[in-house]
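Before any comments, here is the structure.
Number of protein chains: 2
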Amino acid sequence: MIKVQNLWKVYQNGSIKVEALRGVSFEVAEGEMVAIMGPSGSGKSTLMHLLGCLDTPTSGKYYLAGNDVSSLKEDQLAEIRNQHIGFVFQQFNLLSRVSILHNVEVPLIYRGVKKRKREKIAREYLEKVGLGNRLHHNPNEISGGQRQRVAIARALVNQPSLILADEPTGNLDTRTGEEIMEFFCQLNEQGHTIILVTHEENIARYARRILYIVDGEITRDEVIS
Amino acid sequence: MIKVQNLWKVYQNGSIKVEALRGVSFEVAEGEMVAIMGPSGSGKSTLMHLLGCLDTPTSGKYYLAGNDVSSLKEDQLAEIRNQHIGFVFQQFNLLSRVSILHNVEVPLIYRGVKKRKREKIAREYLEKVGLGNRLHHNPNEISGGQRQRVAIARALVNQPSLILADEPTGNLDTRTGEEIMEFFCQLNEQGHTIILVTHEENIARYARRILYIVDGEITRDEVIS
Ligand SMILES: Nc1ncnc2c1ncn2[C@@H]1O[C@H](COP(=O)(O)OP(=O)(O)OP(=O)(O)O)[C@@H](O)[C@H]1O
Ligand SMILES: Nc1ncnc2c1ncn2[C@@H]1O[C@H](COP(=O)(O)OP(=O)(O)OP(=O)(O)O)[C@@H](O)[C@H]1O
Ligand SMILES: [Mg+2]
Ligand SMILES: [Mg+2]
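So the protein sequences, as listed, match chains A and B. When you read off a place in the first sequence, starting at 1, and then add 46, the result is the number in the working numbering. When you read off a place in the second sequence, starting at 1, and then add 46, the result is the number in the working numbering.
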């Protein structure tokens, strides 16, 4: 499903050069659930953005479902992002001026789903994350963890084959975090591939495998029982 | 230091009424360190905003250092916020178009500190949170946890007597989170009053006392050893 070879990402701002990723290589099979852990600033979100086709590497190769992503044009990448990838951003990236219902509808709009059906599906996913009674509030009118849950619902609403979740429980109490992880596990059992970044050990243990990244390099790749 | 009596916060959006805080009462002595825990949506950030004089209650009383906050005018509240309170927001609220150095200087500007001294102090605090080598980057050019650390440095730079931190380690790996908590403990030993919201038990245990809030009400007030 995913094959990453010697990925480098270097940010150059004026005179300062930041090597965010330094020769990262690994594979993820279809249907796997993998956790990524590592210190703040170690390269986790940068890696997730590359995997999500939201950014391109400075060098190295990324094969997604066999295709060399670097060889794809922007419109093909957009297609892949919309159809096959669900991304939960570390800082949610919700549209603040529209309702949470509309926020969750957006990926369905890109897919051409008709309004009546769209609302029904969006409502369903918001109910799954415990926000069925707040559909018409906008993100400024709900709590931090509730926004996080809207971001999760939006990432899943297209039933993407690849789910990338960057700290999906960072703003959630333990119980709510576990409910969300149960939800991810169900999706994984149905065959969705899931890669999640977390700094919480108990959350990482829902996955079968943990990748550790430090200063832009993979230091450990551990299958857990 | 803090005395809260029967605080209510009700949000009315059209027909929907949300009772975010429902008769909250408690006291915090000067120099105490208290943690607040509770489910997502239970009222933690709402309470923090009231304590930080960033918002006013629907009803109830809030006495800060003996003063009835509800009787104070906006300019007096602004004075209190700038001089005496350091607030770490759940979603950081950094200025994205300026450097992290400038972000941390802002509270010092309000205090009339001259440029040379301001830069020196801001640099110091950014070094304390491990970002001394990124001073001239802006928030878009650093990681989520690094932004969180900038927000912490900014909240502390005025050496406020009351520090309110809303999930200060939510985006930090365990080790970095512990370093931040060590920093808070030092400040507490120097006499600063600290109230922090967290969903992580190990972070809460740095405090001497944990308040539990569920559906806008305090359900437990536990001194821990
Ligand atoms: N402007 C608003 N209008 C309507 N409801 C609001 C508004 N702001 C907050 N709320 C609601 O008030 C309740 C408490 O919100 P608050 O942000 O205090 O929760 P919290 O405990 O900080 O949650 P989290 O742990 O998810 O950050 C939530 O149900 C939230 O949706
Ligand atoms: N646009 C940019 N310009 C310069 N440096 C950047 C940029 N974006 C990220 N970085 C740097 O790249 C490194 C990796 O960032 P990344 O966001 O991947 O870390 P992370 O592991 O997700 O951290 P966190 O756990 O704090 O969220 C960090 O040092 C960060 O400051
Ligand atoms: Mg990150
Ligand atoms: Mg909150």
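Every residue, glycine too, gets a C-beta built ideally from N, C-alpha and C.
Residues bridged to residue i (per DSSP)
{"i": "E263 (chain A)", "result": "A:V260"}
{"i": "D101 (chain A)", "result": "DSSP output for D101 (chain A) lists no bridge partner at all."}
{"i": "L208 (chain A)", "result": "A:I131 and A:T239"}
{"i": "A81 (chain B)", "result": "B:L242 and B:I256"}
{"i": "L53 (chain B)", "result": "B:V70"}
{"i": "E65 (chain A)", "result": "A:V56"}
{"i": "D114 (chain B)", "result": "B:Y109"}
{"i": "I146 (chain B)", "result": "According to DSSP, which records beta bridges pairwise, I146 (chain B) is partnered with nothing at all."}
{"i": "E225 (chain B)", "result": "Note: E225 (chain B) sits in no beta bridge, so no partner."}
{"i": "V203 (chain B)", "result": "Note: V203 (chain B) sits in no beta bridge, so no partner."}
{"i": "E268 (chain A)", "result": "A:I256"}
Residue nearest to residue i in terms of C-alpha spacing, selected from the options
{"i": "A66 (chain B)", "options": "B:I264, B:V152 and B:E268", "result": "B:I264"}
{"i": "Y57 (chain B)", "options": "B:V80, B:N234, B:H238 and B:S105", "result": "B:S105"}
{"i": "R164 (chain B)", "options": "B:I240, B:N204 and B:L242", "result": "B:N204"}
{"i": "T102 (chain A)", "options": "A:V50, A:F138, A:F135 and A:Q137", "result": "A:V50"}
{"i": "K63 (chain B)", "options": "A:D267, A:E187, A:R68 and A:G237", "result": "A:E187"}
{"i": "Y252 (chain A)", "options": "A:R68, A:G60, A:I82 and A:R169", "result": "A:I82"}
{"i": "N217 (chain A)", "options": "B:G190, B:I226 and B:L208", "result": "B:G190"}
{"i": "I256 (chain B)", "options": "B:E268, B:N248 and B:E246", "result": "B:E268"}
{"i": "G87 (chain A)", "options": "B:L172, B:E228 and B:G176", "result": "B:G176"}
{"i": "A199 (chain A)", "options": "A:T220, A:E173, A:Q236 and A:L110", "result": "A:E173"}
{"i": "L110 (chain A)", "options": "A:L97, A:D121, A:K119 and A:E120", "result": "A:L97"}
{"i": "F138 (chain B)", "options": "B:G69, B:G262, B:D212 and B:D261", "result": "B:D212"}
{"i": "I249 (chain A)", "options": "A:G112, A:L233, A:A201 and A:T220", "result": "A:T220"}
{"i": "K33 (chain B)", "options": "B:C231, B:K55, B:Y171 and B:K161", "result": "Outside the displayed range of chain B (47 to 271) lies residue 33 (chain B), so it cannot be described from this structure."}
{"i": "G223 (chain A)", "options": "B:I126, B:E246, B:E170 and B:E151", "result": "B:E246"}
{"i": "L154 (chain A)", "options": "A:E125, A:R143 and A:G178", "result": "A:E125"}
{"i": "G237 (chain B)", "options": "B:L208, B:V159, B:V152 and B:Q122", "result": "B:L208"}
{"i": "L233 (chain A)", "options": "A:S116, A:Y171 and A:V159", "result": "A:Y171"}
{"i": "V152 (chain B)", "options": "B:D121, B:V115, B:K119 and B:L202", "result": "B:L202"}
beta-carbon residue i near ligand 2 non-hydrogen atom, thresh 6 Å
{"i": "A211 (chain A)", "result": "no"}
{"i": "A66 (chain A)", "result": "yes"}
{"i": "Y57 (chain A)", "result": "yes"}
{"i": "G176 (chain B)", "result": "no"}
{"i": "G191 (chain B)", "result": "yes"}
{"i": "T104 (chain A)", "result": "no"}
{"i": "K63 (chain A)", "result": "no"}
{"i": "T92 (chain A)", "result": "yes"}
CB of residue i within 7 Å of CB of residue j, strictly
{"i": "R195 (chain B)", "j": "L140 (chain B)", "result": "no"}
{"i": "Y258 (chain A)", "j": "G84 (chain A)", "result": "yes"}
{"i": "L53 (chain B)", "j": "F133 (chain B)", "result": "no"}
{"i": "V74 (chain B)", "j": "M94 (chain B)", "result": "no"}
{"i": "P206 (chain B)", "j": "H130 (chain B)", "result": "yes"}
{"i": "Q136 (chain B)", "j": "S91 (chain B)", "result": "yes"}
{"i": "T239 (chain B)", "j": "E78 (chain B)", "result": "yes"}
{"i": "I270 (chain A)", "j": "V80 (chain A)", "result": "no"}
{"i": "Y156 (chain A)", "j": "N128 (chain A)", "result": "yes"}
{"i": "G262 (chain B)", "j": "R143 (chain B)", "result": "no"}
heavy atom of ligand 1 below 6 Å from residue i C-beta
{"i": "I1 (chain A)", "result": "Nothing can be reported for residue 1 (chain A): it is not among the residues displayed for chain A, which extend from 47 to 271."}
{"i": "G87 (chain B)", "result": "yes"}
Cβ-heavy atom distance, residue i to ligand 3, below 6 Å
{"i": "F136 (chain A)", "result": "It is Gln, not Phe, that sits at residue 136 (chain A) in the sequence shown. Yes, Cβ of Q136 (chain A) sits closer than 6 Å to a heavy atom of ligand 3."}
Q.
With three or more C-beta pairs closer than 8 Å as the rule, is the stretch 146-160 of chain B touching the stretch 175-185 of chain B?
A. yes
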